[in-house]
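Using the numbering used here, read the sequence shown as starting at 69 and increasing by one per residue. Below: the structure, in structure tokens.
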Amino acid sequence: MNEGRIDAAVWDAFQLLANETRLKILYALWNAPEWTATFTELKEAVGMRDSGQFQYHLNELSGTFVRKTDGGYTHLAGGIALYRAMLGSVTGPESVASIPLDTTCSTCGVPLMLQYEHQVFDARCPDCEETASNAPFLRGGLENRSNEDRATAFDAWTRRLVALLRDGVCPWCASTVTHDFSAVEGDGTGSEGDEIHITHTCDRCGGFLRTTPVENVIDHPAVVAFCYDRGLDGTAIPHWEAAEYAAEETRLVSDDPVEVRITIRLAGDELTLSLDEEMRVRDVEG
Ligand SMILES: [Zn+2]
Ligand SMILES: [Zn+2]
């Protein structure tokens, strides 16, 4: 499908929603047990007498948001995703007080603060303003949680985003992902002392997230075992802290083909992994 056709299909789907009867049908299905209801149940919920007219609107939604089953109608995954996007983003606190984290800034030694603004969490040093994490989090996820639980939930949520993006699957629309590697700070030549950032961008929806190399290998069996043997549960390291375990030697070894060499230092020992441009671990030494 080319871009023009995708845009047209998205526009057509939004147009389907610009009708009260059709919105009422979707609503009735969202509120039905297991998102399934019969023709009669839906017709009653919507309050429409004319069966022919009602059938017309159901047919319009079919294939995009709903599908016919033996027992009636049910949502397609797209219909449910639409509801979840609204449910998560239109209710819940718009802001929360800054949450102090157990992780300290590697430069200033003060605790990082987790701030929530415009539906995005930002883990940042209050002194030097360096950002250790910046990722979207729906407002709905702030409800019924203490500040500590919100930080934990944001970490769990973001780890899954990172794992999916790294594995080449967009966490928002399931499409393919492109990874861009850049060396920042230092002299920018990819030599020692440069910090490597990876920007993962969805090829379809444009969703993106910037990560550090260690975040992408923190769940690799060699890293988990290396940490475990030194008394640390690597799977419990918050994603905003992962970069702290990268040694100075972590660097972009080559641009073409891309090779990032990540060195993790713990208890005086080192583990080195090589990543290729598809985010695959090619080599482990340690
Ligand atoms: Zn700082
Ligand atoms: Zn996407």
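By construction, the Cβ of each residue, glycine as well, lies at the ideal position given by its N, Cα and C atoms.
In this structure, does DSSP put residue i in helix, strand or coil?
i	result
Leu85	helix
Val349	strand
Glu211	coil
Leu169	strand
Thr159	coil
Ser174	coil
Pro204	strand
Ala224	helix
Val114	helix
Leu97	helix
Using DSSP's beta-bridge definition, name the partner residues of residue i.
i	result
Thr246	Thr269
Arg192	Met181 and Thr199
Phe276	Thr269
Leu320	Val328
Thr394	The chain is shown only over 69 to 354; residue 394 falls outside these bounds and no answer can be derived.
Ala251	Ile264
Arg333	Glu338
Ala311	Bridge partners of Ala311: none, in fact.
Are the beta-carbon atoms of residue i and residue j separated by less than 8 Å?
i	j	result
Leu94	Tyr141	no
Ile305	Ile332	no
Val352	Ala314	no
Gln187	Pro168	no
Arg207	Gly156	yes
Thr226	Gly236	no
Cys241	Cys273	yes
Trp98	Ala191	no
Ala251	Thr280	no
Asn284	Arg234	yes
Is any heavy atom in ligand 4 found nearer than 7 Å to the beta carbon of residue i?
i	result
Glu309	The model on display carries ligand 1 and ligand 2 but not ligand 4.
Identify the continuous beta strand (DSSP E) that holds residue i and give its terminal residues.
i	result
Leu355	No answer is possible for residue 355: the residues shown for the chain start at 69 and end at 354.
Val134	Val134 to Lys136
Considering residue i, what are the terminal residues of the alpha helix (DSSP H) in which it resides?
i	result
Val164	Per DSSP, Val164 belongs to no alpha helix (DSSP H) and is neither H nor E.
Tyr124	Ser119 to Leu129
Tyr296	Pro289 to Tyr296
Pro281	Pro281 to Val285
Problem set entry | Under 6 Å, CB to nearest heavy atom of ligand 2: contacting residues | Those residues that bring their Cβ nearer than 6 Å to a heavy atom of ligand 2 are Cys238, Trp240, Cys241, Ser243, Cys270, Arg272, Cys273 and Gly275.
For this session: Under 7 Å from any heavy atom of ligand 1, by CB: list those residues in chain order, please.
Result: Counting only heavy atoms of ligand 1, the residues whose C-beta sits closer than 7 Å to one of them are, along the chain, Cys173, Thr175, Cys176, Val178, Cys193, Asp195, Cys196 and Glu198.
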